[in-house]
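Below is one structure; the comments refer to it alone.
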Amino acid sequence: MKKLFLTCVLVATAFAATAGEEPKHPSWSGFVTNGFWDNWEVSVGLGAGTAFTTGTNAGSFGERLGFEGNVSLLKWLNPVLGVRGQLQGGKLGNFDPDLGKARWPYLFGHVDLAVNLSNWIGGYRDDRVYYAVPFVGFGYMVSNFTDEIQSKFATSTQDDFAVAYGLLNKFRVSPAFDINLELKGFITHDRVCPAKTSSTVLLGLGATAGVTYRFNRRVWERGVPGVTEEQVEAFQRAVADGNARLEEAKAENERLNSELEAARADAERADAAARAAEAKAAQAAAQELNPSPMSVIFYDYSMSKLTSKEKTRLLLMAEVIKNGPEERVYKIQGHADKQTGTPAGNKRVAENRAKNVYDFLVANGVNPKQLTYEGLGDSESPYDFKEANRSVIIK
1 MKKLFLTCVL VATAFAATAG EEPKHPSWSG FVTNGFWDNW EVSVGLGAGT AFTTGTNAGS
61 FGERLGFEGN VSLLKWLNPV LGVRGQLQGG KLGNFDPDLG KARWPYLFGH VDLAVNLSNW
121 IGGYRDDRVY YAVPFVGFGY MVSNFTDEIQ SKFATSTQDD FAVAYGLLNK FRVSPAFDIN
181 LELKGFITHD RVCPAKTSST VLLGLGATAG VTYRFNRRVW ERGVPGVTEE QVEAFQRAVA
241 DGNARLEEAK AENERLNSEL EAARADAERA DAAARAAEAK AAQAAAQELN PSPMSVIFYD
301 YSMSKLTSKE KTRLLLMAEV IKNGPEERVY KIQGHADKQT GTPAGNKRVA ENRAKNVYDF
361 LVANGVNPKQ LTYEGLGDSE SPYDFKEANR SVIIK
């Protein structure tokens, strides 16, 4: 007991000294601890195994082989250390000196401490293909629980504690799946074997191949010395909130850009409409300044009555006025040539000419509010030859 106590003290002292040193590899420390439900693995495997104990090893190795199946659940505490629970079972083979070959059933449940040797030595990497994971564990074994084995070897169900150990070779094929090759063994009391033995220890050896599924969060993040997990999570939340606000700002910017483009398009359309209206107004002004042939009525010397030809022209002019803007007012100006007659006579003739045009347009549906008339006589000569000045011009 004193030796055991001394050994424990030495181990504890060595562990404390190691914990006080600066870690040489980043795998042991410097990582943010994931949540409880992160970094879990579930595995299934199938293979073969045998058992060795003094006095039962007769026969060939192949005759002593049995089969094994197992299911495991492993939780990684950090990139190096993990805790695994495994239930394995099957049949193992031995030879009884008197009764011959004994193939006996067993179940072995154990809890293991697993060490990811690859991450420990080479540093943590989430893209590594091969991982070497030695493990050691402790559990409970039950055997000889079938009627066949109990009747043949005159035994009963046996059980005892057992130690498990081995090497788990993991080959990563995707972020979620591994292929496993597990080389393993166990040590327990020989009473679990139905064959007669001459020792007290039974050694089991086996190998299984299987597949592992890694679920929930599978990777590890490095932390910063002096920064707690809560601070890291708060920082991550702040970054996520910042990213969300950035996306909102981008969306708002896109909306404003869309509104700006729409406003520019509206402004361009309004500008185009204004230019069109300006051009139309300019054209109308030009038409007022430069009357079309349809808006000029010509007369013979001293005449003021409308001919049928001039009435036809005025009918067309009446339609133009009625179909045009209602607010537009037209001036009817009567003229006479100054080469003949007196100014007073020319004034009277010009007024009669303008009045006759006014009356004809009103009689044909033109709003009188859109018309004014006056006789200018021979005071203005719009044309260079006298015959053309015997006219009425509508502006």
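Just so you know, the working numbering puts 209 at position 209 of the sequence shown, and the rest follows in order with no gaps. Beta carbons are placed, not taken as given, at the ideal position from N, Cα and C, and that holds for glycine.
Run of the alpha helix (DSSP H) containing residue i, from where it starts to where it stops
i	result
Thr-317	The displayed chain sequence assigns Met, not Thr, to residue 317. Residues 308-323.
Leu-361	343-363
Asn-119	117-122
Glu-148	147-153
First through last residue of the beta strand (DSSP E) which encompasses residue i
i	result
Glu-326	No beta strand (DSSP E) holds Glu-326; DSSP gives it neither H nor E.
Phe-171	158-172
Phe-186	177-189
Glu-374	371-377
Val-133	130-143
Arg-217	Here Arg-217 belongs to no beta strand (DSSP E), and DSSP marks it neither H nor E.
Val-296	296-298
Val-366	First-last for Val-366: undefined, no H or E at that position.
Ser-304	Neither: Ser-304 is in no beta strand (DSSP E) and is coded neither H nor E.
Ser-391	391-394
Between the CA atoms of residue j and residue i - distance to the nearest angstrom
i	j	result
Leu-314	Ala-270	37 angstroms
Gln-150	Thr-157	8 angstroms
Asn-356	Arg-275	38 angstroms
Lys-170	Pro-79	14 angstroms
Asn-290	Arg-328	The predicted model places Asn-290 with a pLDDT of 49, which falls under 50 and marks its position as unreliable, so this point remains unresolved.
Glu-182	Ala-207	6 angstroms
Lys-338	Glu-278	39 angstroms
Asn-116	Ala-154	44 angstroms
Cys-8	Val-163	At Cys-8 the pLDDT is 41, less than 50, meaning the model places this residue with poor confidence; the figure from the coordinates comes in the next sentence. Going by the C-alpha atoms only, they are around 20 angstroms apart.
Pro-382	Ala-350	13 angstroms
Thr-212	Phe-52	29 angstroms
Trp-120	Tyr-131	10 angstroms
Ala-344	Asn-364	31 angstroms
Asp-190	Gly-109	17 angstroms
Phe-138	Val-173	30 angstroms
Ile-394	Glu-259	49 angstroms
Tyr-140	Trp-220	33 angstroms
Glu-248	Gln-236	18 angstroms
Gly-93	Val-192	12 angstroms
Pro-26	Gly-123	Any reading at Pro-26 needs caution, since the residue's pLDDT is 46, under 50, leaving its predicted position unreliable; the model's value is listed next. The straight-line gap from Cα to Cα measures roughly 6 angstroms.
Glu-268	Glu-261	10 angstroms
Leu-10	Leu-77	Confidence in Leu-10 is poor, its pLDDT being 41 and thus under 50, which makes the residue's placement too unreliable to answer from.
Met-303	Thr-372	21 angstroms
Ser-199	Ala-102	17 angstroms
Asn-144	Asp-38	38 angstroms
Asn-367	Asp-266	37 angstroms
Pro-23	Asp-126	Low local confidence applies: a pLDDT of 42 at Pro-23 is under 50, so the model's placement there is unreliable, with the coordinate-based value given in what follows. When rounded, the distance between both Cα atoms is 20 angstroms.
Ala-195	Val-44	30 angstroms
Leu-203	Lys-91	14 angstroms
Glu-233	Ala-114	28 angstroms
Leu-376	Ala-336	8 angstroms
Thr-197	Trp-104	14 angstroms
Thr-146	Pro-175	42 angstroms
Proximity of residue i and residue j at Cβ, strictly below 9 angstroms
i	j	result
Gly-210	Lys-184	no
Gly-47	Glu-68	yes
Glu-380	Lys-331	no
Ser-391	Gly-341	no
Asp-112	Val-136	yes
Ala-318	Leu-256	no
Leu-107	Val-142	yes
Gly-35	Arg-217	yes
Gln-86	Leu-65	no
Glu-41	Phe-215	yes
Bridge partners - residue i, DSSP secondary structure assignment
i	result
Gly-242	Per DSSP, none; premise fails for Gly-242.
Lys-75	Trp-40 and Val-83
Gly-89	Gly-69 and Leu-107
Phe-235	Bridge partners of Phe-235: none, in fact.
Gly-434	Since the displayed the chain opens at 1 and closes at 395, residue 434 lies outside it and no answer follows.
Asn-94	Ala-102
Asp-112	Arg-84 and Gly-137
Ala-274	Paired residues: none, contrary to the question.
Thr-50	Leu-205
Beta-carbon separation (whole angstroms), residue i vs residue j, contact threshold 8 angstroms
i	j	result
Asn-346	Asp-378	4 angstroms
Gly-49	Leu-205	6 angstroms
Gln-370	Ile-297	Not quite, the Cβ-Cβ distance comes to about 17 angstroms (not below 8 angstroms), so this is no contact.
Ile-187	Val-201	6 angstroms
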